[in-house]
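K.L.:
Okay, here's the structure, questions in a sec.
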Amino acid sequence: MHKAKIDETPLRYDTYGPGYLSRGPRTDFGVVVLPPGQDFPNHYHERTEESFYTLEGNAVMWTNGLRVELGPGDYHRCDPMEMHYLVNEGEVPWRAVFIKAPHNPDDGVVVEWKPGQPVPDIGPKLSNDSDV
Numbered sequence: 001m002h003k004a005k006i007d008e009t010p011l012r013y014d015t016y017g018p019g020y021l022s023r024g025p026r027t028d029f030g031v032v033v034l035p036p037g038q039d040f041p042n043h044y045h046e047r048t049e050e051s052f053y054t055l056e057g058n059a060v061m062w063t064n065g066l067r068v069e070l071g072p073g074d075y076h077r078c079d080p081m082e083m084h085y086l087v088n089e090g091e092v093p094w095r096a097v098f099i100k101a102p103h104n105p106d107d108g109v110v111v112e113w114k115p116g117q118p119v120p121d122i123g124p125k126l127s128n129d130s131d132v
């Protein structure tokens, strides 16, 4: 058994960034806070899917170069091999819950990219039978 409180979870950069309520053994679960004007580097996971559920504020998630706006109540899933870049273009912090599964702390590849640049080719996307 494991219990944690979202408001007592330390964030990676003190007042912003990801904070894990649970890390493994099968799933990672946490909260992420992104202040106005901040971004998270473009990256992907080879075997892990990452989902976000927006609690407060607004952000833009660029998934494989496609712009997706996220606001309160919005859910967005990034499948394995889908690059995702996140930026808060709003005026208040964006706060969301994230879930990564399966747990694999070494599964993250940063790919230099910003909106407006050509989308890098990172190779074939893994098939997802649930979308067929």
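If you're matching positions, the sequence shown starts at 1 in full-length UniProt numbering and goes up one per residue. Even for Gly, the Cβ is constructed at its ideal location relative to N, Cα and C.
Can you tell me whether Ala59 is buried or exposed, with buried defined as 16 or more other CB within 10 angstroms of its CB?
P.N.:
buried
K.L.:
Please list, in chain order, all residues of the same chain as Pro41 whose beta carbon is under 6 Å from its beta carbon, the five residues on each side excluded.
P.N.:
Contacts found: Val110.
K.L.:
With burial defined as no fewer than 16 other Cβ atoms inside 10 Å of the residue's Cβ, what is the status of Glu8: buried or exposed?
P.N.:
Classification for Glu8: exposed.
K.L.:
For the beta strand (DSSP E) that His43 lies in, which residues bound it at each end?
P.N.:
39-44
K.L.:
Going by DSSP in three states, Asp28 sits in which element: helix, strand or coil?
P.N.:
strand
K.L.:
How do the stretch 16-27 and the stretch 42-49 stand: do at least 3 beta-carbon pairs fall below 8 Å, yes or no?
P.N.:
no
K.L.:
In whole angstroms, give me the CA-to-CA distance for Pro105 and Ala4.
P.N.:
19 Å
K.L.:
Within the 8 Å Cβ cut-off, does Met81 reach chain C?
P.N.:
Looking at the structure shown, chain C is missing, and only one protein chain is on hand.
K.L.:
What ranges does the beta strand (DSSP E) occupy inside the stretch 88-119, keeping only unbroken runs of at least 3 residues that lie completely in it?
P.N.:
94-101
K.L.:
Among Ala96, Cys78, Glu82, whose alpha-carbon lies nearest the alpha-carbon of Gly71?
P.N.:
Ala96
K.L.:
Could you pull out every residue in the same chain whose Cβ sits closer than 7 Å to the Cβ of Ile122, ignoring the five residues on either side in sequence?
P.N.:
Excluding residues within five positions, the ones whose Cβ falls inside 7 Å are Tyr44, Met81, Met83, Val111.
K.L.:
Are there 16 or more other CB atoms within 10 angstroms of the CB of Ile73, so buried, or fewer, so exposed?
P.N.:
One point to set straight first is that residue 73 is Gly, not Ile, in the sequence displayed. So Gly73 ends up on the exposed side.
K.L.:
Assuming Trp113 and Leu34 make a contact with CB atoms under 8 Å, what is their CB distance in whole Å?
P.N.:
With a Cβ gap of about 17 Å, Trp113 and Leu34 do not count as contacting.
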